[in-house]
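K.L.:
Below you'll find the structure I mean.
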Amino acid sequence: QQQVKQSPQSLIVQKGGISIINCAYENTAFDYFPWYQQFPGKGPALLIAIRPDVSEKKEGRFTISFNKSAKQFSLHIMDSQPGDSATYFCAARLTSGNTPLVFGKGTRLSVIA
Amino acid sequence: NAGVMQNPRHLVRRRGQEARLRCSPMKGHSHVYWYRQLPEEGLKFMVYLQKENIIDESGMPKERFSAEFPKEGPSILRIQQVVRGDSAAYFCASSPDSSNEQFFGPGTRLTVL
C-alpha cells in the first residue's frame, strides 16, 4: 500500500516557467510534509517543509501548498532554472515518536533553456 | 560541522558475500535511519536506531539483514549472503532529538554481481 502518491513521474519545463509537482497522502495522522531534492549520485537534501496548520509556505522560488481536507500538497518552483533539474521527492511522517519518512516515488524535473 | 558520512560510496559484491555499510551521523545526532532506494523508486524505510537500540525495524527484510548503532563508532547495516536483488542505493539519515528534519548522507551504491 503506497501511502504517499506523487505525480507526475517526469516533468519538462522551459526556463523561467513554473514547475508543479503534486502529492497525495492517505494517513491523516501525518503532520510533517517535507520536499527533498536529489541530484544524481547524491543523497536527498531537504528543500522545504510544511506542517498542516498552515496552507502555504514560501521560501525563495519554492512554495508548498497544502490542502488538509483533500490530503494533498504540492511543490511549486517559480522561475525554474536549469540548475533546478533534479529528482524531487515528497514525503510525510508522524512526528511523535520520531517515526521514519514515507516517500513518494519521485519526479524527475528537467528545465530546458 | 561535517554532514552525515557514509562509506564506502560504492561497493561491489558477488552473490553470497557479505556487505557492510557504515554511517556516521552528524555530530550531536543520536537518531539514525536507514533507507533503500531502488532505480526509479523513492526511498523505502528499513530501520531506525538510537545509540545501542533498534527502535523500529519494520522495513527490514526478516532474513540476511541486520543493523546496529553501537555506543562508539558508526552505525552499520549488514547484508549477509547478498543476492542480485539487493543491488540498490542505501542511504542513512540522522536527526537530533526533538527535530523533524532528517539529514541524509551521500549513500552507498551496492552492486551485486
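Protein sequences appear in the order of chains G and B. For the first sequence, my numbering assigns the number 5 to the initial residue and increments by one for each residue that follows. For the second sequence, my numbering assigns the number 48 to the initial residue and increments by one for each residue that follows. All C-beta atoms in this analysis are idealised placements derived from N, C-alpha and C, irrespective of residue type, glycine included. None of the values given here were measured: they were computed from a predicted structure.
Taking DSSP as the reference, what is the three-state secondary structure of G/Asp88?
P.N.:
Here residue 88 of chain G corresponds to residue number 84 of the first sequence, with the count starting at 1. Of the three classes helix, strand and coil, the one that applies to G/Asp88 here is helix, per DSSP.
K.L.:
Could you give the uninterrupted runs of the alpha helix (DSSP H) lying entirely in the region 51-101 of chain B, keeping only those of 4 residues or more?
P.N.:
Taking only runs of at least 4 residues, no alpha helix (DSSP H) segment lies wholly in the region 51-101 of chain B.
K.L.:
I'd like to know whether the C-beta of G/Ala53 is nearer than 8 angstroms to at least one C-beta of chain B.
P.N.:
In the first sequence, counting from the first residue as 1, residue 53 of chain G sits at position 49. Closer than 8 angstroms: yes.
K.L.:
Against B/Tyr95, what residues of chain G qualify as contacts under a CB-to-CB distance less than 9 angstroms, listed in chain order?
P.N.:
In the second sequence, counting from the first residue as 1, residue 95 of chain B sits at position 48. Result: Asn102, Thr103 and Pro104.
K.L.:
Since G/Ala28 meets chain B, which of its residues come closer than 7 angstroms, beta carbon to beta carbon?
P.N.:
Walking along the first sequence from the start, residue 28 of chain G turns up at place 24. Going along chain B, no residue has its Cβ under 7 angstroms from G/Ala28, so there is no contact; the nearest lies around 14 angstroms.
K.L.:
For the beta strand (DSSP E) holding B/Glu119, just list the boundary residues, first then last.
P.N.:
Working through the second sequence from its first residue, we reach residue 119 of chain B at position 72. It is not in any beta strand (DSSP E) - B/Glu119 carries neither H nor E in the DSSP assignment.
K.L.:
Please list, in chain order, the chain G residues whose beta carbon lies closer than 8 angstroms to that of B/Asn147.
P.N.:
As a working note, residue 147 of chain B is residue 100 in the second sequence. Neighbours of B/Asn147 on chain G, chain order: Tyr36, Pro38, Ala53, Arg97 and Thr99.
K.L.:
Please report how far the alpha carbon of G/Leu105 lies from the alpha carbon of G/Phe34, in whole angstroms.
P.N.:
Counting from 1 along the first sequence, the entry for residue 105 of chain G is found at position 101. Counting from 1 along the first sequence, the entry for residue 34 of chain G is found at position 30. Cα-Cα distance, rounded: 10 angstroms.
K.L.:
Can you tell me which of the three DSSP states G/Asp35 falls into?
P.N.:
Here residue 35 of chain G is taken as the residue at index 31 of the first sequence, counted from 1. It is coil, neither helix nor strand.
K.L.:
Report yes or no: do the region 130-143 of chain B and the region 62-73 of chain B share at least 3 C-beta pairs separated by less than 8 angstroms?
P.N.:
Short answer: they touch.
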